[in-house]
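Residue numbers (my numbering): 74 to 209.
Each remark here refers to the structure printed beneath this line.
Right, dumping it as C-alpha cells:
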C-alpha cells in the first residue's frame, strides 16, 4: 500500500516526476518479489485553505494538480498492472470532504482515517487469505 504525492504537490514537483518516482518504487518492489501486489492511492483533496491556491508560479490550483496526479496514478496502475504482479489504484479522493474528514485541510481526522481505511480494505480484502474460524 503506497500513498504519496501530497507533499510533492505542495512542493510543486511535476506530475511526470512523481509518476517516475512511483514507477521506480514499483520496479524496486518487484525486483524483490516479482509476484507482489501493489495498491497505489489516488491522493485525497485539500480543504478550502489550500485547494484553490496557486503557489507554483503559474495559474494551476493545488486541486487541479491533485486531479492531474490522480489521473496519472490511475493510468500508471493500468500500465504497470500484470497477471503476475498486480498494481491497483485506490481512490482516496472521490467523496472525501476535507471540511468533515480532515483536521487541518490536509491530514485526515478520525472520521477521515476510517473512511480511508474502508477504501483500502475494499481493494485489498479479496487478496487476504481467509483465516480459520477460531472459537473461544
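C-beta atoms are modelled at their ideal positions from N, C-alpha and C, and glycine is treated no differently.
Distance between residue j and residue i (C-alpha atoms, nearest Å)
i, j, result
"residue 157", "residue 101", "15 Å"
"residue 82", "residue 123", "11 Å"
"residue 74", "residue 98", "11 Å"
"residue 192", "residue 130", "34 Å"
Residues of its chain near residue i, where Cβ-Cβ distance is below 7 Å and the 5 sequence neighbours each way are ignored
i, result
"residue 196", "112, 161 and 163"
"residue 103", "109 and 158"
"residue 91", "78, 81 and 142"
Range of the contiguous alpha helix (DSSP H) that encloses residue i
i, result
"residue 133", "Taken as a continuous stretch (DSSP letters only), residue 133 belongs to no alpha helix (DSSP H), as it is neither H nor E."
Reference residue i; option with closest CA among the options
i, options, result
"residue 189", "206, 177, 166 and 178", "166"
"residue 137", "95, 150 and 118", "118"
Span of the beta strand (DSSP E) around residue i
i, result
"residue 122", "From DSSP, residue 122 is part of no beta strand (DSSP E) but of the alpha helix (DSSP H) over 121 to 124."
"residue 112", "111 to 115"
Sequence-distant residues of its chain with Cβ nearer than 6 Å to residue i (five each side left out)
i, result
"residue 184", "174"
Counted within 10 angstroms of its Cβ, other Cβ atoms place residue i as buried (16 or more) or exposed
i, result
"residue 170", "exposed"
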